[in-house]
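Residue numbers (our numbering): 24 to 417.
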């Protein structure tokens, strides 16, 4: 029986300790990065806004894009009105954007819209790189400067900070702001410091035409951003992190919209775990690629709620086993390490999120949020196409 319990504890402990060790290293390396020297402002960009029925929010992103601190003759704002049934295209034209209308009822989704726009950009040969900004985003004026400063020094792909524009809308959006600060800032700073790929986060990212020629965009899954970031890594390109610029987007504040959003994100991620982890590990070994190894580890570290559940299970089993006479307490020490690492990671995210004391109070809701996530992920309803998320009040 002693051997059975030991084996069970080892099986439970391995993923929890591995994930927490990975997160603790990233937390320790999350100091602020130094920005590179200014660019020479010669690069040309196609800034692409994929939009599906976004007439309610489109004016905000186009207003901030029009205010970009970059020569007007070296940038073009392009809205891809993808299978729209509202006035998205007409509004974009009135606000001065170039509009591409795409209608394909069979191939629907953000990935198809981006593929359409990228092919058009390469055929026009105006731009040196494409930049992707969500239709509900607000960008900082230095967006293109931050990207160009890195691309002039050899970067082929860049991700700026992706934050939350409506952090104060509800406790859910404040928790999401903390989660994004942990996932985006903490992890990305550390990975940039180590010369790894911060990955693509879906909003506020850029890739050169050279990289597009080497790695054509064929990412059509529910998490097309993560998928393409992995394909770039497999091809030898790392995604650089530009934290001094941002593209902040609106998150769902109400329960119903947040549920759909979360289901789409996490199911897409689990699909990638199944389809890409072994490939990345194989390439990491064959090519001795630290970038591929880290991308694999990033996939293998499940969303934070699952790591917390794993740590809780390890703690419970370790405490029960520790009560047995003669059973070593080392398992409890491993469980304690997991909790210290998780708390440090979360508090570092809170510190960088800027939500203040109210966000710290909202962390007390985390157990309820954890239960909510388990319930929505147990639903069998699948999200298979691009459906605009409703921005509703809680």
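Even glycine gets a Cβ: it sits at the ideal position worked out from N, Cα and C.
Is the Cβ-Cβ distance between residue 209 and residue 371 less than 7 angstroms?
yes
Quick one: what's got a C-beta closer than 8 angstroms to residue 393's C-beta in the same chain, skipping five residues either side?
328, 331, 332
Quick check: the stretch 354-365 against the stretch 168-187, are at least 3 beta-carbon pairs closer than 8 angstroms?
Result no; under three Cβ-Cβ pairs closer than 8 angstroms.
Among residues of its own chain, excluding the 5 on either side of residue 252, which ones have a beta-carbon nearer than 6 angstroms to its beta-carbon?
222, 223, 262
What does the alpha-carbon distance come out to for the pair residue 243 and residue 151?
24 angstroms
Let me check one thing: in DSSP terms, what residues is residue 30 bridge-paired to?
Answer is none; residue 30 lacks a bridge partner.
Given this structure, state the Cα-to-Cα distance separating residue 85 from residue 118, to the nearest angstrom.
The alpha-carbon atoms of residue 85 and residue 118 are separated by roughly 7 angstroms.
Continuous beta strand (DSSP E) stretch holding residue 123: start and end
121-125
What residues in its chain sit with their C-beta under 7 angstroms from that of residue 376, if we drop five residues either side in the sequence?
200, 201, 204, 382.
Kindly indicate which three-state DSSP category residue 246 falls into: helix, strand or coil?
coil
Would you tell me roughly how many angstroms separate the C-alpha atoms of residue 153 and residue 173, rounded to the nearest one?
Residue 153 and residue 173: Cα-Cα distance of roughly 14 angstroms.
At what residues does the beta strand (DSSP E) containing residue 65 begin and finish?
No beta strand (DSSP E) contains residue 65, which DSSP labels as neither H nor E.
For residue 211, which residues of its own chain have a beta-carbon under 6 angstroms away from its beta-carbon, when the five flanking residues on both sides are left out?
221, 264
Any heavy atom of the ligand ATP within a distance shorter than 6 angstroms of the CB on residue 121?
Absence of the ligand ATP from the depicted structure is noted, as is the absence of any ligand whatsoever, leaving it without description.
Enumerate in chain order the residues of its own chain whose CB-to-CB distance from residue 171 is below 6 angstroms, with the five nearest sequence positions on each side excluded.
The beta carbon of residue 171 sits closer than 6 angstroms to those of 62, 66, all from its chain and outside the five residues before and after it, given in chain order.
Per DSSP, residue 231 is paired with what?
Looking at the DSSP output, residue 231 shares a beta bridge with 152.
Where residue 369 falls, given that 16 or more other Cβ within 10 Å makes a residue buried:
With 16 or more other Cβ atoms inside 10 Å of its own Cβ, residue 369 counts as buried.
Near residue 168, what residues of its chain come up, given a Cβ to Cβ distance below 8 angstroms and the 5 sequence neighbours on each side ignored?
Close CB contacts of residue 168 within its chain, under the 8 angstroms cut and outside five residues either way in sequence, are with 61, 62, 64, 92, 93, 268 (chain order).
Is residue 43 closer than 7 angstroms to residue 315 when the C-beta atoms are compared?
Not in contact: residue 315 and residue 43 (Cβ atoms no closer than 7 angstroms).
In angstroms, rounded to a whole number, what distance separates the CA positions of residue 271 and residue 53?
20 angstroms
Pop quiz: residue 291 and residue 338 are said to be a contact at Cβ under 8 angstroms. What is the actual Cβ separation, rounded to whole angstroms?
Actually they are not in contact, since the Cβ atoms of residue 291 and residue 338 sit about 30 angstroms apart, beyond 8 angstroms.
Cβ neighbour criterion (16 or more within 10 Å) applied to residue 101:
buried
Let me confirm a value: residue 73 is counted as buried when at least 16 other C-beta atoms fall within 10 Å, else exposed. Which label applies?
buried
Taking all protein chains shown into account, do 16 or more other C-beta atoms lie within 10 angstroms of the C-beta of residue 182, making it buried, or fewer, making it exposed?
buried
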